[in-house]
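Report on the structure given below.
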Amino acid sequence: MTLLDFARGPAIHWSLIILIVGTIWRLLGVLVLTRGADLSRPRDAFGNFKGYRTVFSRSWPSGEFTTTTRYQTAMAYVFHIATLIVVIGIVPHIEFITGLTGASWPGLPNAAGVALGVIALASLLALIMRRVSRPQVYCSSWGDYFSWVVVAAPLVTGLMAFAHLGPRYETMLAIHILSAALLFAWFPFGKLMHAFWFVFSRAQSGVAYAHKGVRI
């Protein structure tokens with residue numbers, strides 16, 4: 001078995017299993033948590049509705065924080081949108097998804113895919129540099145930086161494979177797939193779970209604030 005065969009076979013398949021099982025396990029762990037007894041009378045009868053509304057209304061910071069957080073917010077949106085388009089819009093990725101689900105759609109031109117990959121990587125590096133330059137604000141742990149590396153690796157190796165940089169193409173492609181496998185396997189255990197957690201945390205905060213009569 002060559003390195004590319006291993007990456008395309010056991011590595012990516014087992015990483016997807018870990019991703020799915022680990023994510024379900026952690027989501028169930030949150031959903032089965034019991035809430036304590038409610039000892040106060042709700043001040044807002046629409047607390048649950050406002051909790052769900054908060055999931056969307058807090059997708060952009062409140063006006064009081066816009067000036068100080070707009071760089072972070074803008075770069076985060078650029079990174080997430082560009083990365084999502086790269087993941088579901090490049091032809092090789094679409095073929096991989098088709099092999100798993102049977103779904104298919106037209107892919108982006110190569111130039112557009114490369115441009116979006118560069119934008120995603122540049123915005124990610126901008127976010128990392130901001131975090132490094134302001135440790136007193138972010139209070140980062142090793143897990144934060146490891147997650148950054150795990151996310152950056154598929155972008156870097158994918159661009160290198162497309163440009164035929166580094167080792168021969170088959171080896172570089174294998175490294176790219178292995179980096180994606182590492183991302184899948186790490187996803188349920190690191191900060192990347194915020195892709196799901198943000199829904200629960202915002203909704204819970206919205207319900208709690210509405211319960212206390214806070215305007216949200």
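Numbering (full-length UniProt numbering), first residue to last: 1 to 216. Beta carbons are placed, not taken as given, at the ideal position from N, Cα and C, and that holds for glycine. Small disclaimer: the values here were computed from a predicted structure and weren't measured.
Query raised in the report: Looking at C-beta atoms only, is the number of pairs between the stretch 180-187 and the stretch 117-127 that lie closer than 8 Å three or more?
Result: Because the criterion of three Cβ pairs below 8 Å is not met, the stretch 180-187 and the stretch 117-127 do not touch.
Report task. Using beta-carbon positions only, say whether L19 and P188 come within less than 8 Å of one another. Result -> In contact: L19 and P188 (Cβ atoms closer than 8 Å).
Query raised in the report: Sorted by chain position, which residues of the same chain lie with C-beta nearer than 7 Å to A126's C-beta, five sequence neighbours on each side aside?
Result: These residues qualify, in order along the chain: M75.
Report task. With a threshold of 7 Å, establish whether the CB of G89 neighbours any heavy atom of the ligand ADP. Result -> This structure lacks the ligand ADP; in fact it carries no ligand of any kind.
Requested in this report: Tell me, to the nearest whole angstrom, how far the beta carbon of G113 is from that of G190; I am working on the premise that it is less than 8 Å.
Outcome: With 8 Å as the limit, G113 and G190 do not qualify as a contact, their Cβ atoms being about 26 Å apart.
Query raised in the report: Can you round the beta-carbon distance between A161 and L173 to whole angstroms, since I take them to be within the 8 Å contact cut?
Result: 5 Å between Cβ atoms; contact.
Requested in this report: Count the other C-beta atoms from every protein chain shown that fall within 10 angstroms of the C-beta of G158, then say buried if there are 16 or more, exposed otherwise.
Outcome: With 16 or more Cβ atoms within 10 Å of its Cβ, G158 is classed as buried.
Query raised in the report: Rounded C-beta distance between W105 and I90? I'm assuming under 8 Å.
Result: About 12 Å separates the beta carbons of W105 and I90, which is beyond the 8 Å limit, so they are not a contact pair.
Query raised in the report: Going by C-alpha distance, which of P10, L124, S59 is nearest V151?
Result: Closest in alpha carbon position to V151, among P10, L124, S59, is L124.
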